[in-house]
Amino acid sequence: MNNSDSFGVTVPSSPILVVRGATALLPCEFEPDPTMANLVITWQREEDARVVHSFYYEKDQLDRQSSDYVDRTKLNREALAGGNASLSIVNIGLKDAGNYLCIVSNIKGTDRGVVRLVYVASYSEPRLSILLKSTNVTVQYEMEGYPKPEVMWLGSEGQNLTGDLEVSPASDGGLYYLKSSYVTQSPVFSVTFTLKNPAAHQELQRHVNLTYDGNTSSNKSVVVLSVLCFFLLCSTGLLLWLYCRERSK
Numbered sequence: 001m002n003n004s005d006s007f008g009v010t011v012p013s014s015p016i017l018v019v020r021g022a023t024a025l026l027p028c029e030f031e032p033d034p035t036m037a038n039l040v041i042t043w044q045r046e047e048d049a050r051v052v053h054s055f056y057y058e059k060d061q062l063d064r065q066s067s068d069y070v071d072r073t074k075l076n077r078e079a080l081a082g083g084n085a086s087l088s089i090v091n092i093g094l095k096d097a098g099n100y101l102c103i104v105s106n107i108k109g110t111d112r113g114v115v116r117l118v119y120v121a122s123y124s125e126p127r128l129s130i131l132l133k134s135t136n137v138t139v140q141y142e143m144e145g146y147p148k149p150e151v152m153w154l155g156s157e158g159q160n161l162t163g164d165l166e167v168s169p170a171s172d173g174g175l176y177y178l179k180s181s182y183v184t185q186s187p188v189f190s191v192t193f194t195l196k197n198p199a200a201h202q203e204l205q206r207h208v209n210l211t212y213d214g215n216t217s218s219n220k221s222v223v224v225l226s227v228l229c230f231f232l233l234c235s236t237g238l239l240l241w242l243y244c245r246e247r248s249k
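The UniProt record's numbering puts the first residue of the sequence shown at 1, with every later residue one more than the last.
Structural data, given as structure tokens:
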């Protein structure tokens, strides 16, 4: 609400994108007056009216500040006189995502604006595992990030392959645990795992090639070697038994 045609609060219309653990700067500007004695600034969450930061009587007033923001918020005192009420919030996490109200009052009037904060976390390096069974092969990647990404498995010709995707609820650390797998009956294949996280401007591609050496001569060599080892062990055992028998006599 604006009580004066000459007074207004200006905030960005686009969301403020902040990476996990970074510092967020929520812009808010207003029409200043010559003295700060009448200036009142209140930042609060729009969803539940939690107080994020307050300023009046020419100083920060944090008695009613939400415990979620203690020692995390700051106004630029030097910029207030020029009409800048932008708020800094350090160590951004998932719980900080949402809408923030910037409410400003001075001798010219009262107005407010809404700033939307969007939280993102780049996905970690995918961890590969391959499970070999008698009937199929499973290729799987595991990783953490936020929000839910776009995931796809592609064949050697770029064709879209069907894959499974499991996403666990976001942890207290503000990360999804993601597990994506592709199952094939072929022992020889080439696939590409792709992940897109548009909110964080992140895109990953990982290639997996699996080949199988079915050379029969090599297999025969392994069998022959196994047989020779068996007879060698038997011969050694027999000689040891005969030696012990002679000693006992």
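Think of the CB as a built atom: it goes at the ideal place given N, C-alpha and C, for glycine as much as any other residue.
Is the number of C-beta pairs between the segment 119-128 and the segment 151-169 that are closer than 8 angstroms three or more?
The segment 119-128 and the segment 151-169 do not touch, with fewer than 3 CB-CB distances between them shorter than 8 angstroms.
Could you please give me the residues that DSSP links to residue 44 through a beta bridge?
DSSP, once it has assigned bridges, lists 51 and 101 as partnering residue 44.
Rounded C-beta distance between residue 16 and residue 115? I'm assuming under 8 angstroms.
With a Cβ gap of about 6 angstroms, residue 16 and residue 115 count as contacting.
I need the straight-line Cα distance from residue 27 to residue 75, nearest angstrom please.
Between residue 27 and residue 75, the C-alpha separation is close to 11 angstroms.
Boundaries (first-last residue) of the beta strand (DSSP E) holding residue 116
That run of the beta strand (DSSP E) goes 109-120.
Given a cut-off of 8 angstroms on the beta-carbon distance, is the pair residue 126 and residue 193 in contact?
In contact: residue 126 and residue 193 (Cβ atoms closer than 8 angstroms).
Is the Cβ-Cβ distance between residue 83 and residue 34 less than 8 angstroms?
No, they are not a contact pair.
Residue 77 to residue 166 span [Cα, whole Å]
Cα-Cα distance, rounded: 47 angstroms.
Quick one: grab the DSSP three-state call for residue 172.
If DSSP states are grouped into helix, strand and coil, residue 172 belongs with coil.
Name the two residues that bound the continuous beta strand (DSSP E) containing residue 144.
Here the beta strand (DSSP E) through residue 144 covers 137-145.
Across the segment 192-207 and the segment 149-158, are there enough close Cβ pairs to call them in contact, namely three or more that are closer than 8 angstroms?
Cβ pair count under 8 angstroms is three or more, so yes.
Could you give the DSSP three-state label for residue 123: helix, strand or coil?
The answer is coil: DSSP assigns residue 123 none of H, G, I, E or B.
Paired residues, beta bridge with residue 193 - DSSP
Answer by DSSP bridge pairing, in chain order: 153 and 206.
Measure how close the beta-carbons of residue 188 and residue 210 come, nearest whole angstrom, since I'm counting them as under 8 angstroms.
Rounded, the Cβ-Cβ distance is 6 angstroms, consistent with contact.
How about residue 98 and residue 11: do their beta carbons lie closer than 8 angstroms?
No, the Cβ-Cβ distance between residue 98 and residue 11 is not below 8 angstroms.
Reference residue 56; option with closest CA among 85, 133 and 47
Taking the Cα of residue 56 as reference, the smallest distance to any Cα among 85, 133 and 47 is reached at 85.
Cα-Cα separation, residue 143 to residue 180:
The alpha-carbon atoms of residue 143 and residue 180 are separated by roughly 9 angstroms.
C-beta contact flag for residue 93 and residue 8 at 8 angstroms:
Contact annotation: residue 93 and residue 8 have beta-carbon atoms that are not nearer than 8 angstroms.
Identify every residue that forms a DSSP beta bridge with residue 181.
Paired residue(s): 140 and 164.
Secondary structure at residue 68, three-state DSSP: helix, strand or coil?
Annotated three-state conformation of residue 68 is helix, per DSSP.
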